[in-house]
Every structure is written in C-alpha cells, then in structure tokens.
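Top line first, the protein sequences correspond to chains A and B. Under the numbering used here, the first residue of the first sequence is numbered 1, with each subsequent residue one higher. Under the numbering used here, the first residue of the second sequence is numbered 1001, with each subsequent residue one higher. Virtual Cβ for every residue (Gly too), placed ideally from N, Cα, C. Note sheet for the following structure.
Protein chains: 2
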Amino acid sequence: MAVASMPTYLRCACSCWRRPQGGSGGKRQVTPKSEDFSRWYLDLVREAELADYGPVRGTMVIRPYAYALWEAIQGDLDRRFKEVGVQNAYFPQLIPLSFLQKEAQHVEGFAPELALVTHGGGKELEEPLVVRPTSETIVNHMFAQWVQSYRDLPLLLNQWANVHRWELRTRPFVRTLEFLWQEGHTAHATAEEAAAMARRMVQVYADFATDVAAMPVVVGRKSRLESFAGANKTLTIEAMMGDRRALQAGTSHELGDNFARAFGTRFLDEAGALVSVQQTSWGASTRLIGGVIMTHGDETGLRLPPRLAPIQVVVIPIVKKDADRDAVLSVAEALVAAAVAAGIRVRLDADRERTPGWKFNHWEMKGVPVRIEVGPRDVAEGTCVAARRDRPGREGKTFGVPLESGAFVAHVRGLLDDVQASLLAEATAFRDANIVDVESYAELREAIAAGKWARGWWAGSDEAETQVKEETSATLRCIPFDQPGGGGRCLFSGEPATEVAVFAKSY
Amino acid sequence: MAVASMPTYLRCACSCWRRPQGGSGGKRQVTPKSEDFSRWYLDLVREAELADYGPVRGTMVIRPYAYALWEAIQGDLDRRFKEVGVQNAYFPQLIPLSFLQKEAQHVEGFAPELALVTHGGGKELEEPLVVRPTSETIVNHMFAQWVQSYRDLPLLLNQWANVHRWELRTRPFVRTLEFLWQEGHTAHATAEEAAAMARRMVQVYADFATDVAAMPVVVGRKSRLESFAGANKTLTIEAMMGDRRALQAGTSHELGDNFARAFGTRFLDEAGALVSVQQTSWGASTRLIGGVIMTHGDETGLRLPPRLAPIQVVVIPIVKKDADRDAVLSVAEALVAAAVAAGIRVRLDADRERTPGWKFNHWEMKGVPVRIEVGPRDVAEGTCVAARRDRPGREGKTFGVPLESGAFVAHVRGLLDDVQASLLAEATAFRDANIVDVESYAELREAIAAGKWARGWWAGSDEAETQVKEETSATLRCIPFDQPGGGGRCLFSGEPATEVAVFAKSY
C-alpha cells in the first residue's frame, strides 16, 4: 500500500489537531464546574485530550491538542523576546551539584526539589548531577567565560527547555514534576539597566497574557518571602482562575550580582575597573495552558481565545439525506478554502459516522471559538449559521451569514475578534468583582474565607506575612505596580503604609 | 535609565545573531582544513561561536548562532512533518528502568549509554529512572492506552526533545552526551503501511538534506548489524563530510510489533480480531549542524546554504572619511530595508570600531552567503558590490550591482539561489569523486585506506561485515535504494549478490 493513500487528516496548513480520537461515541461530560472545580479541571484535561498521566508519579504527557496550544504560546512569546533583542541558545541539562551550592539562598530554595543523576554509562559518577530545576548556575558558569568587557554587554539569552522539580502535590499543567518552559538570562553593566530589563520582561508576559491569552493579570512585585531563591526582587503576573484562586503565570527576577559573585561573572567597565555583572532571569511555562483552561473553561468544556486556538473555526456540514451531501459538502469545502486563504485556522469536520450533535459537543469540549453550520436549506438560501463558543445556545448564533467568500471571511474575522474581546472582558469583570478592598486583618480573613482576593495597605513584617499565610492559607501574591497613591494604615499592624498588597489563596 | 534606550542590536525580523561578540579585535583563524580536519572543525566551532563545552564532560552549550541554525532546521522539518499529517506532542523524559528492559534488543543496545536518576526530592527512589535516550518505550506505554480500535490508527506523533546517551568519545554537534532532536513515533494497522511510513520519512530527511542543507546523501537501508536496537529494519541518509568520513544524518525505523508486543499495544481490527500495531520511529538531531559545517566549511570558516543561513546577506558600508558617512550609511540602510521587505534575512554591520577587513573576515567565518559592500564611489555611481561566500576573492564579486531596490533585490535573490545550488553541486561532485566501485575485498581495503567510500556487490554474512569493520575500520553504511540492477559477485565471498552496499569510515 502506498503511503500516498494513507489518510492524513490534513485539512489546513496550521499545526492543528486534526482528528477526533477515541472510539466510544458517547457524549463526553465533565463534572459541573460549580460543584467541584478541581474535578471539573481534571475531567476537562482528560475529555479535551489535553494531557495524560505519565508512568512516573507527577509527570504528564502533553497530548497533541495541548501541545498545539503550547506551540502557539511559544510562537507569540518567542517573537516578543526577539523584538527585545533576546537570542535563543541551549545550555546542558545536567548540572554539577556543586554549582547549585555556590549560591546559598538558591540551593536552600531548590534542594528539596532536586532530581539527581548518580550513574552514567554503567558507572557511579564522582559527583552527582542535578537535572536542571532552572539554569542560573550553569548560565553563569558560561557567562563568566563569555563576558570580559563592557563591550560584551548586555548579553540577552533565552532557552526553551524542560525542567524538573520534585513536587509532592501535582496537577496537570499547573504543577508537574517535569514541565516545559522558557528561561531568559541576561547580564548587564548596571543595576539600573538590569532592573529595567526585569520590568520590561514582566510587561512582555503581561501583554501576552492580556492580549493573546485573554487572561487579565495583576502585575507587581513579590514580597521578600515569596521571591525567587537567589533573587533580589521578583516581579510577577498573577491571574485569577475560575475558582478565584491565584495563578502565578510568569515571573521576572532582578538577580543583582548574587550569581555573578558566586561564579565570578565580571567585566572590565569603561573606567577599567573589574566589576560583577548585574543579572536578570525570567520564565513562563506550560502552566500557562492550565491558566487558559481555568480562566475560560465552562460547563461544556474549553473556551479558547481565538489568538491561541489551534483551530479557530470548525465547519460542520449538516446532511440528513444522501441526495444533499455533495452540494452541502462542496459549499463547506469552499468556506474552508476561503478561510484558509485568509489565514484563519479552520477545520472541516465531514465525518459521516458522527451526528452533528456529537460534533457540536466534541468541538465545544475542545473550545473552538467559532462553529459554522451549513445544511441544504442554507445552501439554497446562500447562507450559513455561525455559532460562537463563548455564548451558549441561540444567543450565540448568527443566522444568514453569507456564503460569498469575502463576506463570509469578514464575518468570521469579526466574530473571532469579538470572542477574543469578550473572553477578556468577562474574565476581567470576574476578577474585578472578586477583589475586595480590606482595611483590617478581620476584613482580609473574611474576604479570603469567602474565596476572594483581599487588597489593602500593607507595611507588614515577614512575621506578619507568615502569620497571615498560616492562619488563612492566603499568601501575599504581589504588591501591584498599579497603586492608588498616597498612603494608609497597614491592614495588619495599623502602622503607616505607602503601598497596597494583594492576598489570595493560590495554586 | 529606560530600557527603551538600551541597545537592542535588532536589525531585522529574523532570528539572527545580531552582534559580533568578543573584544579582542584580532583576526580569527582556524587550523587549515587540509592539515588537520579534526582540529579545523573544533577551531571553527569555537571561532564561529557555534558551541562551547559544558561543565560535564561530553556536554555542550549551543550558542545563539548555532541555535538559530537549529531553529531553521526545526522550522523546515516541522513543516514537512505536518504536511505528512504528523502532530507534535511531548512525553516525560524520565522513564522507569523496567520499561527499557521490556524489549530485549533495545535494552541491550542502550544499557551501556544510560544516565540514571536514583534520587528525587531528597529521597532514594524505589526504582531508578532512565533519562530518556529515546522514547519508544514510554511512547508505547501511552499508545497502549490510546489505541483500541482500527479507527484510532494511524497515530502519527512527533516530539522535539533533548536526549542523553553516555558516550565516551564526544565531538560538538556530532556526538554529545546530551543532544537535541526530534523523534517521530507512529502506529499503523498493517506492516505494509508502517513500511511505507518509514520509507516516506527517510525521504523527508533526504529532501531536507538535499534541498535545504545542500548536503547530498546516499539513502538506503542499514545492515542487520547496524540497525537500531529494537528495529526490524533501519533506513538512513548518509552524507560525506569534507574529510570523506560518512555521517549518519537521519534514520527511520520499521519497528514491526517488537515494542507493541512488549507493551501490549493492540487494537481491534475491522474483522474484530485483537492484533498488535505496526510501528515506526524516526529521528534527526543537532548532529545535522555538524553535517552542515563539515560539508561546506572551508579554510576561512563556515559556508552556510542560504536556505538555512540565519543571516543571508550582510551589508557593510565602507567609509574612510567622516564626510562620506551619512550618505553611505543612508544608502546601506535603504538596501537593508529593501531586503527586509523582500523577506531576505539581512544584517547591517555599521560598527564604527571595526575595519571593513575585520568585518569581511568575521562574516566569512560565520558563513554568511552574500556580502554587500557600499562606499562613496559606489553611491556616486548608483551601484554596490556583491561578494558571494562560496567563491573566494575577485571571482566571487559582482561590481556595479544597481542600488535601485527592485533591481538590487532581484540580484541578491539570484545570488542566493546560485550559492544554494553551487554548494550542493560542489558537495555532490566531491562525494561522487570519492566513492569507488570495488570488486574485491582488496579493492575495498585500498579504497578505504585512501580515505574513500567503497561501493560493491555484497552478499556477506554478519561475520564478514564484522571482519571488514575490524580490519578496515569501515562500516557498512547502507545498502542504497538506488541500485544498479542485475547482479554480481559479492566483493567479499564471491557468491552471487543482488545488491551493492557502501562501506566507509564514519563519525
């Protein structure tokens, strides 16, 4: 048999997932979100075929549909990094354990989570090797060799890689033993420049989250206790999930010269003095997929923002009588061709063994933003029906969408823009309705107990922050960049405070 | 200081390496290729800033310029895979050791090269985990869960990942302890379909090598001894490097049901019988970068095929008097803008601290296919000079290239096509001149001793093949698909043979 005759399931030029899998044929369902959010999430991950559990506890297999989402995330972030002048590189995954131990705070933070390679090529190694949990140490080992003069700075690198952290409580995408991420590492001549870089990169994450993932975020800096092990300052984007827990969705660190001193990453400045470089690192991971699921998903499945969706539009021919099939199919194919030509990621679902109802359910579960239905009467009338995923039932349907390709594409483009904007607006309204301004610890406890985020003036000590965490399970998510100005009384101590902080339970 | 005022070195929208690094200013040189090919290669990897050694013996850091090459390779291969209907996914890197042991041949082949994780999260693990050397086992663990019916087939997956093999003798890109690759894994209902898939994928590699990397290859199947551990048949592309050693540059395996039986990957066929799937796997790696270097590099550095080159064209303004600077620079910038608009990956090198001579040397080392020089007299005459990297000195120069953007772009495009074709033609002629048709073992020994490849009729046993390897250090690279037809006498045994085989020393 020639491969040419193999079914390839290729309908469009995108990286989309092309074929409904699984043979059961039954309607797929998830636990109601309002009933048990955690089970809803796990059901959705399974039913939308996003991930499966790996054989080693805490690991996961990223299935094609979720990987296509990751490719979309990668593509967008990578373009943004390159616009900043960042170059991609790749550093070895196995790091001598002694490297981790060079920066005291860093090893303290990561030691409990390390995976160790102790044997290679049939022999016990002289020194155990750490399976990278993050790469600041090995990056500095190389930077120390590459940087000699101020002319070598800034050095702006990024790598797309897998990392391992031996987590005890795992959840697909949100916290797994191994995950995929990017980690940027930069070296600068001055602390001011490094600080500006760290701030610029957290803004890149915020822009991506808002404009592409339709996931509104609070941007700010972490408290000392919540900062990255080895950083002087950690900046973060915090998103509110559907259960109102916070998800830290990207972080950017000012490392100062902490690693540079430990590894001797020094350069001759313009005045001829030998000084340490100032560094940043910043990362975002496959956790973003969990964020998208938990921000937008509803009772019937995923809802994907069009800018990320591997399949933006699915076209479903509705054929009851065989006599109608050819006419309907050829119209459906023409619509697909018009959409492909317009750069829309579209899929034709002309499977003859599934009913339209099964397909509606299937593609709703997959979160495809727009569904086009076309049947014999539509063909006769020169129109089709468009249904948007973000509005259920009749309310989300447009009847009489013209079949003429220019008008059809214009309508679909408009719908995709609308869905993108609506998902962001809905998530923003939800977030804003669930952040409570509090003036006392009692009010904070009440807000947290009600499942909300609490925002209030804060001048608390590390001890105060720890007490809040122990008593409420909420952590200080960030001190937002966006501050009300002026000052007030610390919600905890009553002392004068100049900043508000946000507390929430988190993933 | 605002980040907006940071130098970003961003000249074009490509992923190119944007800044000459290293402060020494001296002319960079490599050991003559004819004198010591191995040292030439290592010098080139260092001087073109492609890779550095990692702290763990045998590991390497892929520097931005080489990583940009890898991104170009990935982009092209990934598009070809998707055209075949293959979807990307990601499988966990850590595999229970017992998985490897399920397929006898497989574990035998890989056992000596494994890296083992024995500790995680501060505790010794109950079972050691293998750091993936390849993923057939864990893929089958998942396929066994995903495949139930013939309707679930074919399953065509690929992953881009890092793998580890504890090699003793390493060389950057060619053989390293950790490398980056893609590994495709497919499952089919019939052996015929799997065989066709394996053949189709080796052809994808061959097309990429020839059309994009300008690296001619011999496509064929491996002998039993040289096949992948666990495969029924291994198909390969074999390229000839500048020292006439063979490089196995991509392989595609018919796995039969070897792994399916070990892991119970079975399905109900159309007749209702429960049978094992038939599988393939296929991979290509960062070794391809080594192949490009060793196929095209010359005494002055890299020579990159335009279709892979991160920077296809470098524009160098030649300014001796300050009074000329603005006029020359604005013309150079206009040329860059015209090239960018035409989708050409171009870089302007307007550095004022480097001489034109230094820059010529630098970009020749980097293998940029076309250099544009523009000085005051050129500006006055409305022309510029184009120099192609593949032809040294005056012979490779075109004078009087028009500055008008349409004509300029047309000329540059023509040159890039020419360089691409010339590199392939040169490498093909070199290869063909160095394959000797042999009729006896004596002739084979003579050819191998002269550093060439030997091709001859072959009906030898495993023992005969082993003897050739032991006595000549040459291995049976492949039995080419492209056969002379008819038959002859086996060069080793004199027995009737129906196929010719190719022998060579290899990397």
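Residue i, enclosing beta strand (DSSP E) - first and last residue
i, result
"residue 1053 of chain B", "1051-1053"
"residue 1373 of chain B", "1370-1374"
"residue 282 of chain A", "278-285"
"residue 126 of chain A", "123-131"
"residue 957 of chain B", "Outside the shown range of chain B, which is 1001 to 1507, sits residue 957 of chain B, and nothing can be said about it."
"residue 1241 of chain B", "No beta strand (DSSP E) contains residue 1241 of chain B, which DSSP labels as neither H nor E."
"residue 1060 of chain B", "1060-1062"
"residue 387 of chain A", "383-388"
"residue 1162 of chain B", "1155-1164"
"residue 1267 of chain B", "1266-1268"
"residue 1096 of chain B", "1094-1096"
"residue 1348 of chain B", "1346-1348"
"residue 220 of chain A", "217-221"
Alpha-carbon to alpha-carbon, residue j and residue i
i, j, result
"residue 1039 of chain B", "residue 1226 of chain B", "28 angstroms"
"residue 1280 of chain B", "residue 1254 of chain B", "5 angstroms"
"residue 1488 of chain B", "residue 1148 of chain B", "48 angstroms"
"residue 187 of chain A", "residue 276 of chain A", "9 angstroms"
"residue 495 of chain A", "residue 441 of chain A", "13 angstroms"
"residue 423 of chain A", "residue 387 of chain A", "15 angstroms"
"residue 1320 of chain B", "residue 1377 of chain B", "11 angstroms"
"residue 493 of chain A", "residue 475 of chain A", "17 angstroms"
"residue 1309 of chain B", "residue 455 of chain A", "52 angstroms"
"residue 25 of chain A", "residue 180 of chain A", "Summary for residue 25 of chain A: the model assigns pLDDT 47, below 50, so the residue's position carries little reliability; its value from the coordinates is reported in the next sentence. Between residue 25 of chain A and residue 180 of chain A, the C-alpha separation is close to 33 angstroms."
"residue 1400 of chain B", "residue 1409 of chain B", "14 angstroms"
"residue 273 of chain A", "residue 267 of chain A", "8 angstroms"
"residue 218 of chain A", "residue 1086 of chain B", "38 angstroms"
"residue 1081 of chain B", "residue 1390 of chain B", "31 angstroms"
"residue 1043 of chain B", "residue 1247 of chain B", "19 angstroms"
"residue 1176 of chain B", "residue 1262 of chain B", "30 angstroms"
"residue 1343 of chain B", "residue 289 of chain A", "32 angstroms"
"residue 314 of chain A", "residue 393 of chain A", "17 angstroms"
"residue 1143 of chain B", "residue 1265 of chain B", "6 angstroms"
"residue 499 of chain A", "residue 438 of chain A", "13 angstroms"
"residue 1214 of chain B", "residue 1258 of chain B", "36 angstroms"
Check: residue i C-beta below 8 angstroms from any heavy atom of the ligand ADP
i, result
"residue 40 of chain A", "As far as ligands go, the structure on display features none, and thus does not contain the ligand ADP."
Endpoints, alpha helix (DSSP H) assigned at residue i
i, result
"residue 252 of chain A", "Premise fails: residue 252 of chain A lies in the beta strand (DSSP E), 246-256, not in any alpha helix (DSSP H)."
"residue 1187 of chain B", "Unbroken run through residue 1187 of chain B is the beta strand (DSSP E), 1178-1188; no alpha helix (DSSP H)."
"residue 104 of chain A", "104-110"
"residue 1043 of chain B", "1037-1047"
"residue 1317 of chain B", "Per DSSP, residue 1317 of chain B belongs to no alpha helix (DSSP H); it is in the beta strand (DSSP E), 1313-1317."
"residue 1510 of chain B", "Residue coverage of chain B in this structure runs from 1001 to 1507, which leaves residue 1510 of chain B outside it and unanswerable."
"residue 1357 of chain B", "1356-1365"
Beta-bridge pairing of residue i - partner residues as DSSP gives them
i, result
"residue 503 of chain A", "A/454, A/476"
"residue 1116 of chain B", "A/119, B/1130"
"residue 1435 of chain B", "B/1453"
"residue 1298 of chain B", "B/1301"
Three or more C-beta pairs below 8 angstroms linking the stretch 59-67 of chain A and the stretch 165-183 of chain A: yes
Within 9 angstroms of chain A by C-beta, residues of the stretch 1092-1123 of chain B in sequence order: Against chain A - using a Cβ distance shorter than 9 angstroms - the residues of the stretch 1092-1123 of chain B are 1092, 1093, 1094, 1095, 1096, 1099, 1111, 1112, 1113, 1114, 1115, 1116, 1117, 1118, 1119, 1120, 1121, 1122, 1123.
Contact set between the stretch 290-304 of chain A and chain B, restricted to residues whose Cβ is under 7 angstroms from the partner: So the list is empty, because no residue satisfies the distance condition.
Cβ-based contacts, 8 angstroms cut-off: residues of the stretch 1424-1442 of chain B near chain A: none
Stretch pair the stretch 103-123 of chain A + the stretch 1107-1120 of chain B: three plus CB contacts closer than 8 angstroms: yes
Chain-ordered residues of the stretch 33-55 of chain A with a beta carbon less than 8 angstroms from chain B: 52, 54, 55
The stretch 1179-1195 of chain B / the stretch 1205-1218 of chain B touching (three or more Cβ pairs under 8 angstroms): Remark: fewer than three beta-carbon pairs, one from each stretch, lie closer than 8 angstroms, so the stretch 1179-1195 of chain B and the stretch 1205-1218 of chain B are not flagged as touching.
Cβ contact check for the stretch 426-439 of chain A and the stretch 329-343 of chain A: 3 or more pairs under 8 angstroms: No, they do not touch.
The stretch 1135-1152 of chain B touching the stretch 78-93 of chain A, judged by at least three CB pairs closer than 8 angstroms: no
Contact set between the stretch 319-353 of chain A and chain B, restricted to residues whose Cβ is under 8 angstroms from the partner: Those would be none; no residue qualifies.
Touching by the beta-carbon criterion (3+ pairs, under 8 angstroms), the stretch 354-374 of chain A and the stretch 299-306 of chain A: yes
Three CB pairs or more closer than 8 angstroms across the stretch 1222-1240 of chain B and the stretch 1320-1329 of chain B: no
Members of the stretch 374-397 of chain A near chain B, C-beta cut-off 7 angstroms: none
Residues of the stretch 137-157 of chain A whose Cβ lies closer than 8 angstroms to any Cβ of chain B, in chain order: 138, 141, 142, 145, 146, 148, 149, 151, 152, 154, 157
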